[in-house]
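Asker:
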């Protein structure tokens, strides 16, 4: 057995004949190469740390300044390097060697001063957010101030090619909004949800909070915003994610799908191998910072902090709170097939295995006749269980012996791969196939996904792939960017027979079947499996393919596509539920350092007025169009505020956390934090990988991904604008709720989109001048492409 072979790789004994040393040269070479690779990574990180620390200046500029200093000094010119002579006074002698050293130290001082000035000048420039609010409509003029600002930012951004983390030190801190502004925005957001009596009560509570305890809580929050890198993100990660005790499956994790209009290969092993290889290449580009940060309009950077934990990361369960553990390196992945776990090496003699060599390893697993050890098949159900119960089980049965060794192999893996025993199918004429595809990725059978890992790659028997991702370590755009990167290179990775390209240069290391001793905890595994089955049986998922029209028509209406869709969702929900509800839409705050998300509230006074007007026969078409445009403008302003740090919910959440630390009870905050989000929405971002050429590969379109409902009586809706005439909606709900139905809500979305289109077409017909002024590039928001989950 491979395990036994590794266990005796080195032995030392004393006999009557002397010392007896036995060792396996292959294993020692493996250890040596691992150490070499580790030191190379350390040196690369150190070099990147210096590079990022001085950005936007360039390291090579130090040598230029040093050369100038040497030339001026030996030419007898001491301006502006008088520092050289001052330094020489303190040196032992005035020889040429000491003069060169003094010139270098003086140059270093000047260079660091320049770097410091450039860095903080860029930081001051990035604090300006006025560009966000300027209209992007055709014919609109950009202010002179914004033009000058844009030119300055462009100059700094193009001065030196940035690495992935180059802008981190220059990004501004997330500011804490004033309590008064947050109260004003909050009251306006809940007005359409409350009757007059309840609204007056909420006004009173808000006023009391603002003028009493709110002031004290705000001072603590301002102090935290000055002291910490981001006053929201650490608390958001801890209290919203890590302290949550509900199962991760369905309730927290999310999924992403393959490019459904094309199937690159029917060979499961080949597709798995190529995807594994491309993901590891992406990991290498993150580690070496070869990947550039995402820049809005080619100059405004987004925070790249979340990329660091994409790989080699696991959420470890705890009795009261979990923790995220990120390992600096990993030289293996773990593959799950037919209930067996395999540790698969990904390096040989210091180099990454090629796809054709990894395919050999995957084929060996697929052909294996190994059977799961007792309890092994259902083991992953523990990660889909209540977090406290899983933590107790882990602390009792996985702290020693083979269970600890094998669990450590899973948790330290770069990621997990699940080779499923069913195909992932898609057919426009059979929508239930795509629904099943989504359900398979969201939860599988409850025990074929390791929900604690940062992500699990899922591969169907027909070669289609998808992923299931844990949400704590990062938000959806990071995983979406990773997945889109894979599509860009995966297209040309197969030969005419569907195998990976190339010929193996050697026999790659064989996968090792992990060993377990699970008999003492079989009852726990069975209980977790039953709990997972119960969760799965209650979830309903519908993936709607809306191909009647897309963003092309929306931009002809001169509206932001995202705002357009959000208003359609408001109309659909009102018709579905017969009322308005608090709606959650995620918007990113990555314009700030370590920013994650903020909530946009699409249910506004303007959106409610338009929704009611759509079924009001007394309203004319022109009036409805005007109300819709006002609602879209208000929504666009809402997520512009959110992206600029002027949101509502993260500020109130942090105030609530401070109140709990101070043991202060606030009726207002208790009321706000107890309000249910019955409609949770998110736009799946795409288009972040510049090398993806959709003109060359028009069929390479992913249907995006989705998540479970955030409330038992609500909906979870994720959507992706996949083209000029294509939108995918992922709609989830609980079957146990009598008032919700994912399929019914999908029908209401189609009806709402059709009604809006009919309204605009009739309006254009009645007003020909409006139709002539309409342009195809429209006025889509300059922030649509930066939204995040």
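Numbering (my numbering), first residue to last: 2 to 790.
Backbone N, C-alpha and C define an ideal beta-carbon position, used for all residues, glycine too.
In this text, all values refer to a predicted model and were calculated from it rather than measured experimentally.
When DSSP builds the beta bridges, which residues end up paired with residue 733?
Answerer: 542, 717
Asker: Consult DSSP for residue 9 and reduce its assignment to one of helix, strand or coil.
Answerer: Low local confidence applies: a pLDDT of 42 at residue 9 is under 50, so the model's placement there is unreliable, with the coordinate-based value given in what follows. Here residue 9 sits in coil by DSSP.
Asker: May I have the straight-line CA-CA distance separating residue 170 from residue 110, to the nearest angstrom?
Answerer: 20 Å
Asker: Looking at residue 128 and the ligand SAM, is the gap between the Cβ and the nearest heavy atom below 7 Å?
Answerer: You won't find the ligand SAM in this model; it holds no ligand whatsoever.
Asker: For residue 503, does the three-state DSSP call read helix, strand or coil?
Answerer: Note: residue 503 maps to coil in three-state DSSP.
Asker: Taking DSSP as the reference, what is the three-state secondary structure of residue 584?
Answerer: strand
Asker: Return the CA-CA distance between residue 608 and residue 633, expressed in angstroms with no decimal places.
Answerer: Near 8 Å, if we compare the C-alpha coordinates of residue 633 and residue 608.
Asker: Leaving aside the five residues before and after residue 160 along the sequence, list all residues of the same chain whose C-beta is less than 6 Å from its C-beta, in chain order.
Answerer: 57
Asker: Just list the beta strand (DSSP E) runs in the stretch 341–427, keeping only unbroken ones of 3 residues or longer that don't cross its boundaries, in chain order.
Answerer: 341–346, 417–420
Asker: Would you identify the three-state DSSP class for residue 661, choosing helix, strand or coil?
Answerer: helix
Asker: Counting only runs that start and end within the stretch 267–316, where is the beta strand (DSSP E) found for 3 or more residues in a row?
Answerer: Fully enclosed beta strand (DSSP E) runs of 3 or longer: not present.
Asker: So, is residue 391 buried or exposed, given that buried needs 16 or more other C-beta atoms within 10 angstroms?
Answerer: buried
Asker: Can you give me the start and stop residues for the beta strand (DSSP E) that residue 469 sits inside?
Answerer: Note, residue 469: beta strand (DSSP E), 466–470.
Asker: For residue 599, which three-state DSSP category applies?
Answerer: strand
Asker: Output needed for residue 466: all residues of its chain with C-beta closer than 7 Å, excluding positions within five of it in sequence on either side, in chain order.
Answerer: Only 259, 272, 276, 458, 459, 460 meet the Cβ criterion.
Asker: Please classify residue 746 as buried or exposed, where buried requires at least 16 other C-beta atoms within 10 Å of its C-beta.
Answerer: buried
Asker: Below 8 Å on the Cβ atoms is my guess for residue 481 versus residue 707; work out the distance and round it to an integer in Å.
Answerer: That belief does not hold up - the Cβ atoms of residue 481 and residue 707 are roughly 12 Å apart, past 8 Å.
Asker: Drop a sphere of 10 angstroms on the beta-carbon of residue 594, count the other beta-carbons inside from all chains shown, and report buried for 16 or more, exposed for fewer.
Answerer: buried
Asker: Taking its Cβ as the centre, do 16 or more other Cβ atoms sit within 10 Å of residue 513, making it buried, or is it exposed?
Answerer: buried
Asker: Counting C-beta neighbours from all protein chains within 10 Å, is the total for residue 485 16 or more, i.e. buried, or is it exposed?
Answerer: buried
Asker: For the stretch 522–535 against the stretch 714–723, are there 3 or more C-beta pairs whose distance is under 8 Å?
Answerer: no
Asker: Taking the beta carbon of residue 316 as the centre, do at least 16 other beta carbons fall within 10 Å, making it buried, or is it exposed?
Answerer: buried
Asker: Let me check understanding here. Comparing Cα to Cα, which of 425, 204, 248 lies closest to residue 266?
Answerer: 425
Asker: Below 8 Å between beta carbons: does that hold for residue 734 and residue 636?
Answerer: No.
Asker: Whose C-alpha, out of 676, 662, 590, is nearest the C-alpha of residue 302?
Answerer: Checked all of 676, 662, 590; the closest Cα to residue 302 is 590.
Asker: With DSSP collapsed to three states, give me the class of residue 623.
Answerer: helix
Asker: Any idea if residue 363 is buried or exposed, counting beta-carbon neighbours within 10 angstroms, 16 or more meaning buried?
Answerer: With 16 or more Cβ atoms within 10 Å of its Cβ, residue 363 is classed as buried.
Asker: If I'm right that residue 793 touches residue 342 with Cβ under 8 Å, what's the distance once you round it to whole angstroms?
Answerer: Only positions 2 to 790 of the chain appear in the structure, and residue 793 is not among them; the question remains open.
Asker: Which of the three DSSP states, helix, strand or coil, is assigned to residue 559?
Answerer: coil
Asker: Can you give me the start and stop residues for the beta strand (DSSP E) that residue 456 sits inside?
Answerer: 456–460
Asker: Report buried or exposed for residue 125, applying the criterion of at least 16 other Cβ atoms within 10 angstroms of its Cβ.
Answerer: exposed
Asker: Please confirm whether residue 754 and residue 475 have their CB atoms less than 8 Å apart.
Answerer: no
Asker: Is it right to say residue 227 is buried, meaning 16 or more other beta carbons lie within 10 angstroms of its own, or is it exposed?
Answerer: exposed
Asker: Three or more C-beta pairs under 8 Å: does that hold for the stretch 659–674 against the stretch 204–218?
Answerer: yes
Asker: If residue 294 sits next to residue 168, beta carbons under 8 Å apart, how far is it from one beta carbon to the other, in whole angstroms?
Answerer: The C-beta separation of residue 294 from residue 168 comes to about 6 Å, placing the pair in contact by the 8 Å criterion.
Asker: Just tell me which of 743, 89, 731, 657 has its CA closest to the CA of residue 233.
Answerer: Comparing alpha carbon positions, the residue from 743, 89, 731, 657 closest to residue 233 is 657.
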